[in-house]
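Here's the structure, in structure tokens; my notes come after.
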Amino acid sequence: MTERWLDDYVPGTVHELGTVSASEAEIIDFAMRFDPQPMHVDPEFAARGPFGGIIASGWHTCSLMMRPYALHYLSPVSSLSAPAIDELRFLRPTRPGEPLRVRVTVEHARRSTSKPDRGVVRSRVELLDRDGAQVMTLCVVNLIACRPAGAREPAGAGRAAGNAGTA
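What follows is the structure, given as structure tokens:
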């Protein structure tokens with residue numbers, strides 16, 4: 069992961085973070101632990117239901133997104149916290165084995181007026197199916213540290229060069 073500081077989060081920049089998926093066994097295991105509704109844990113019930121089979125819990129889908137977001141979008145040197153997730157939408161079901169592409173767009177970045185060593189970045193996150201349809205969307209608000217005096221600026225910093233590869 070490249071070091072990324074507040075000024076490296078340029079509004080309008082799109083970051084492709086790779087793909088994620090979950091097997092049927094992973095979907096059932098997650099749901100048994102955290103969201104034990106029949107459409108997530110019972111294949112026979114799910115087959116008769118409106119989705120025609122097992123689907124992942126929305127919380128599982130959100131969790132799948134988090135690893136590439138943390139590893140390929142946030143930077144361990146500057147990420148301070150995420151005080152808000154807004155506009156979380158589960159638009160389509162996540163099915164076993166379905167590859168979902170993680171795309172993040174920087175919507176807004178500004179320095180804090182009360183704590184000038186950091187700022188606020190608002191990012192729109194999308195999980196897209198193989199046809200490009202949105203499966204899940206959300207906006208994340210992150211607190212990001214400013215580049216310390218003397219820290220090197222990475223090559224291409226501040227430019228729309230956000231592809232991170234496959235998670």
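Residue numbers (the working numbering): 69 to 235.
No residue lacks a Cβ here, since even glycine has one placed at the ideal position from N, Cα and C.
Since this is a predicted model, take the numbers as computed values, not measurements.
- In the three-state scheme derived from DSSP, where H, G and I count as helix and E and B as strand, A138 is classed as helix.
- I212 and G200 have their alpha carbons spaced roughly 30 angstroms apart.
- For V189, the uninterrupted beta strand (DSSP E) run begins and ends at R186 to L196, by DSSP.
- About 6 angstroms separates the Cβ atoms of V170 and M133, confirming a contact at the 8 angstroms cut-off.
- By the Cβ test, the region 103 to 115 is not in contact with the region 138 to 156, since fewer than three Cβ pairs between them sit closer than 8 angstroms.
- With respect to the C-alpha of C214, the residue from T87, P144, V109 and G80 having the closest C-alpha is P144.
- Residue environment analysis places L168 among the buried positions, since at least 16 neighbouring C-beta atoms fall within 10 angstroms of its C-beta.
- V172 is positioned such that its CB atom lies closer than 7 angstroms to that of S191.
- For S125, the number of other beta carbons within 10 angstroms of its own is at least 16, and it is reported as buried.
- DSSP places F119 outside both helix and strand once states are collapsed to three, so it counts as coil.
- Here DSSP, grouped into helix, strand and coil, assigns A93 to helix.
- Separation of D76 and A93 (C-alpha to C-alpha, rounded to the nearest whole angstrom) is 39 angstroms.
- In the assembly as shown, P118 is an exposed residue. Its beta-carbon has fewer than 16 other beta-carbons within 10 Å.
- Shown here, S149 sits in a strand according to DSSP, grouped into three states.
- Of the other Cβ atoms in all chains shown, fewer than 16 fall within 10 Å of the Cβ of V82; this residue is therefore exposed.
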